[in-house]
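In full-length UniProt numbering, the protein residues as written are 1 to 699.
Backbone N, C-alpha and C fix where the C-beta goes; we use that ideal spot for every residue, glycine too.
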Amino acid sequence: SDHMENIYGYLMKYTNLVTGWQYRFFVLNNEAGLLEYFVNEQSRHLKPRGTLQLAGAVISPSDEDSHTFTVNAASGEQYKLRATDAKERQHWVSRLQICTQHHTEAIGKNNPPLKSRSFSLASQGSANSPGVQRRPSQNAISFFSVGHHRLPTGKRVPIMQPDHLVDVREMMSRAEGQQRDLIRSIECLPVSGHLTSLDQDLLMLKATSMATMNCLNDCFHILQLQHASQQKGSLPAGTTISWLEPKISLANHFKNGAAQNFPAEINKPASVREEQSIADPCQLTREPEEINSDEELEDICDDKEDDLGAVEEQRSVILHLLSQLKLGMDLTRVVLPTFILEKRSLLEMYADFMSHPDLFLAITNGTTPEERMIRFVEYYLTSFHEGRKGAIAKKPYNPIIGETFHCSWRMPKRDVAADAGSNLSAHSPSEQATQSKDMEDQAELDYYTVKFVAEQVSHHPPVSGFYAECVERKMCVNAHVWTKSKFLGMSIGVTMVGEGLLSLLEHGEEYTFSLPCAYARSILTVPWVELGGKVNINCAKTGYSASINFHTKPFYGGKLHRVTGEVKQNVTNTVVCRVQGEWNSLLEFTYSSGETKCVDLTKLSVTRKRVRPLEKQGPFESRKLWQHVTESLRDGDIDKATEHKRALEERQRNEERIRAETETPWCTKYFLKEGDGWVYHKPLWKTVSAVQTQQMDTN
Numbered sequence: 001s002d003h004m005e006n007i008y009g010y011l012m013k014y015t016n017l018v019t020g021w022q023y024r025f026f027v028l029n030n031e032a033g034l035l036e037y038f039v040n041e042q043s044r045h046l047k048p049r050g051t052l053q054l055a056g057a058v059i060s061p062s063d064e065d066s067h068t069f070t071v072n073a074a075s076g077e078q079y080k081l082r083a084t085d086a087k088e089r090q091h092w093v094s095r096l097q098i099c100t101q102h103h104t105e106a107i108g109k110n111n112p113p114l115k116s117r118s119f120s121l122a123s124q125g126s127a128n129s130p131g132v133q134r135r136p137s138q139n140a141i142s143f144f145s146v147g148h149h150r151l152p153t154g155k156r157v158p159i160m161q162p163d164h165l166v167d168v169r170e171m172m173s174r175a176e177g178q179q180r181d182l183i184r185s186i187e188c189l190p191v192s193g194h195l196t197s198l199d200q201d202l203l204m205l206k207a208t209s210m211a212t213m214n215c216l217n218d219c220f221h222i223l224q225l226q227h228a229s230q231q232k233g234s235l236p237a238g239t240t241i242s243w244l245e246p247k248i249s250l251a252n253h254f255k256n257g258a259a260q261n262f263p264a265e266i267n268k269p270a271s272v273r274e275e276q277s278i279a280d281p282c283q284l285t286r287e288p289e290e291i292n293s294d295e296e297l298e299d300i301c302d303d304k305e306d307d308l309g310a311v312e313e314q315r316s317v318i319l320h321l322l323s324q325l326k327l328g329m330d331l332t333r334v335v336l337p338t339f340i341l342e343k344r345s346l347l348e349m350y351a352d353f354m355s356h357p358d359l360f361l362a363i364t365n366g367t368t369p370e371e372r373m374i375r376f377v378e379y380y381l382t383s384f385h386e387g388r389k390g391a392i393a394k395k396p397y398n399p400i401i402g403e404t405f406h407c408s409w410r411m412p413k414r415d416v417a418a419d420a421g422s423n424l425s426a427h428s429p430s431e432q433a434t435q436s437k438d439m440e441d442q443a444e445l446d447y448y449t450v451k452f453v454a455e456q457v458s459h460h461p462p463v464s465g466f467y468a469e470c471v472e473r474k475m476c477v478n479a480h481v482w483t484k485s486k487f488l489g490m491s492i493g494v495t496m497v498g499e500g501l502l503s504l505l506e507h508g509e510e511y512t513f514s515l516p517c518a519y520a521r522s523i524l525t526v527p528w529v530e531l532g533g534k535v536n537i538n539c540a541k542t543g544y545s546a547s548i549n550f551h552t553k554p555f556y557g558g559k560l561h562r563v564t565g566e567v568k569q570n571v572t573n574t575v576v577c578r579v580q581g582e583w584n585s586l587l588e589f590t591y592s593s594g595e596t597k598c599v600d601l602t603k604l605s606v607t608r609k610r611v612r613p614l615e616k617q618g619p620f621e622s623r624k625l626w627q628h629v630t631e632s633l634r635d636g637d638i639d640k641a642t643e644h645k646r647a648l649e650e651r652q653r654n655e656e657r658i659r660a661e662t663e664t665p666w667c668t669k670y671f672l673k674e675g676d677g678w679v680y681h682k683p684l685w686k687t688v689s690a691v692q693t694q695q696m697d698t699n
């Protein structure tokens, strides 16, 4: 049919954070079931730069915008593509889906059963793969030999306990690793010869191995449901599950954006009635508020998340939650149980990344572009350790739209001039003398003030904006982050989509940077946090850049929390600094001069932030907004904390529904939408520019 004709044309393909999007010429070969791409149309007669087998692939329009879509091959390889408009995207998606369905069905219908072969694919895999290390003599066919056993009549299947389910999940994780190794081994075969990567039997093996893993995941899902239902007796079909308090229908439990009907609660605490009766934020003042830092007091809260108690007690609830989730499921709209929450908002967590203001302020003290870039990298790598509260991975509160958080830090000038400079970068005597003179010329205050403000600017998708500045040092940082969380089996992955911009106005330099992904691992036992992914820092003016890799722990061996990176001069491609170590303990920097330096993050001094007392905070400031949830969690009253949390979420949903019905747009308070990002309404670079212009006019 016409739908099976080959199509071709230019699409943008996302390569990586450094290269970004690039135009490539794509060809959909319907007959072969291949999606190929070339550098341009003129090179179409050459070998393709890349090829994806469409049999078993999944074609998904992206929710980021109306132009982007992804092609996820059965091998695990992914192409992220962008069309020129929504119509062109729909054209490509439709044709790709038709081709994919045709070739997937053809594999099942037209290929004979697999034959046993004597060759061993396992021996061609990676030396570090689970399959090679555990069963080196095993061939590819025996990776998934499944036996079927009939249970004796009348015998009841034993109910597996949580520990057993953990073991099953770990075994399945190993099997998934072996399956990935199998696919890689097949794809490493040559494209011609006696045994090729396009062999029909091997393509069939790839498809059936994927189907087998899906079946095993479904079986595991059934075991979880069975265990959850046996905790307090079997539950009849269609019943509602008591999720702590109150009873919530599972059908509605995951519809976070829809209104839910709960039983009438006659004796609601006054604080809950207060939370539900606060007016629409847009009916309150949405004018930016100038926070007087003199009203802020040194923070005395120290809510370390080292207590496993609630998590241990509620393990069956976690199991039940996991049974409702599917691999890759977006958790943005999933209401998570209260006992896994940290006692702070996500907005406050971003502020805690600024807990070393001395290192932040010392960036602009660098005398050369190279030194300033290195200082920024050093500060960047020391910020994540204090951002985590304790060893146990818990989830901060999801900020309510319109929620804000304000704080500040006071840093003695002598500490920035001496300690930060000598601890993290080498200074010459002449440089130190110059810095001392600069300090004497500062205002009569003997400390610098770093101010911070964050705001939740969007609910769906969840986007936060945050901004920090030091007027005296003429430096500021602006960032926006969209948190995308996904269920990964025994882990939860959070991607930080967005970009930050550090401005050093004294030097006229801007540094763009991104954030790593975060993973909550071992969520059924002792949950812990791991960072992963590659981030980049760039300064276009100076030509210096940094590439930092946060390494996730490999399946076998390897260290936890490992990070490596390098700073280079792009014009000469010269590496001027290398870094390695662990982002939460010890970092080692090696400079081009041969000098090395170690930084023990556990011994770095932490400057406590300053926050206004609750009685002086507005109703939508984080601590005031979540105070009853936080107090209940501190008291160990999970039911009460859940009730307060639900009241806030109900109010947010009702306000969102009213705005949709009245077509009233949301009005932000501190941040303005600019392109794809969010920018503070009064950034320092605009203020300084305005002052300089005014001075020039006066002169």
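Residue 640 is classed as buried because its beta carbon has at least 16 other beta carbons within 10 Å across all chains shown. Counting the other CB atoms within 10 Å of its CB gives residue 23 a total below 16, which places it among the exposed residues.
Shown here, residue 107 sits in a helix according to DSSP, grouped into three states.
In this chain, the alpha helix (DSSP H) harbouring residue 662 covers 638-662. DSSP, reduced to helix, strand and coil, places residue 578 within a strand of the structure shown. Distance between residue 686 and residue 498, taken at the CA atoms: about 22 Å.
Excluding sequence positions up to five before and after residue 361, its CB lies within less than 8 Å of the CB of 411, 416, 420, 448, 450, 470, 473, 475, all in the same chain and listed in chain order.
Distance from the CA atom of residue 288 to the CA atom of residue 462, rounded to whole angstroms, is 21 Å.
By a beta-carbon distance limit of 8 Å, residue 543 contacts residue 569. Their separation comes to about 6 Å.
Under DSSP, residue 496 takes part in a beta bridge, and its partners are 483.
Counting only residues of its own chain and dropping the five nearest sequence neighbours on each side, residue 34 has a CB closer than 6 Å to the CB of 51. Per the coordinates, the alpha-carbon of residue 10 lies some 19 Å from the alpha-carbon of residue 54. The Cβ atoms of residue 620 and residue 465 do not sit closer than 8 Å to each other. Of the other Cβ atoms in all chains shown, 16 or more fall within 10 Å of the Cβ of residue 348; this residue is therefore buried.
Assignment of residue 348 by DSSP, reduced to helix, strand and coil, places it in the helix class. Look at residue 208 here: in three-state DSSP terms it is helix.
The C-beta of residue 446 has fewer than 16 other C-beta atoms within 10 Å across all chains shown, which makes the residue exposed. In the DSSP assignment, residue 464 falls within the beta strand (DSSP E) that extends over 463-470. Non-local C-beta neighbours of residue 681 in its own chain, meaning closer than 7 Å and more than five positions away in sequence, comprise 288, 670, 671, 672, ordered along the chain.
Rounded to whole angstroms, the separation of the alpha carbons of residue 366 and residue 578 is 18 Å. Under the three-state reduction of DSSP output, residue 69 falls in the strand class. Taking the Cβ atoms as the reference, residue 501 lies roughly 7 Å from residue 477, within the contact range of under 8 Å. Less than 8 Å divides the Cβ of residue 518 from the Cβ of residue 494. Counting the other Cβ atoms within 10 Å of the Cβ of residue 516 gives 16 or more, which makes it buried. In the DSSP assignment, residue 450 falls within the beta strand (DSSP E) that extends over 447-458. In the structure shown, residue 43 adopts helical secondary structure according to DSSP, grouped into three states. Your pair residue 383 and residue 622 does not check out as a contact, with CB atoms roughly 19 Å apart and the cut at 8 Å.
Under DSSP, the beta-bridge partners assigned to residue 478 are 467, 501.
As the crow flies, the alpha-carbon of residue 564 is around 28 Å from that of residue 75. Straight-line spacing of the CA atoms in residue 172 and residue 559 works out to 23 Å.
Annotation note: the stretch 561-630 contains the following uninterrupted beta strand (DSSP E) runs of length 3 or greater, listed N- to C-terminal: 562-569, 574-582, 586-591, 596-600.
The Cβ atoms of residue 608 and residue 295 do not sit closer than 8 Å to each other. In terms of Cβ geometry, residue 343 and residue 630 form a close pair [threshold 8 Å].
Look at residue 379 here: in three-state DSSP terms it is helix. Close CB contacts of residue 550 within its chain, under the 7 Å cut and outside five residues either way in sequence, are with 516, 531, 532, 533, 563, 583 (chain order).
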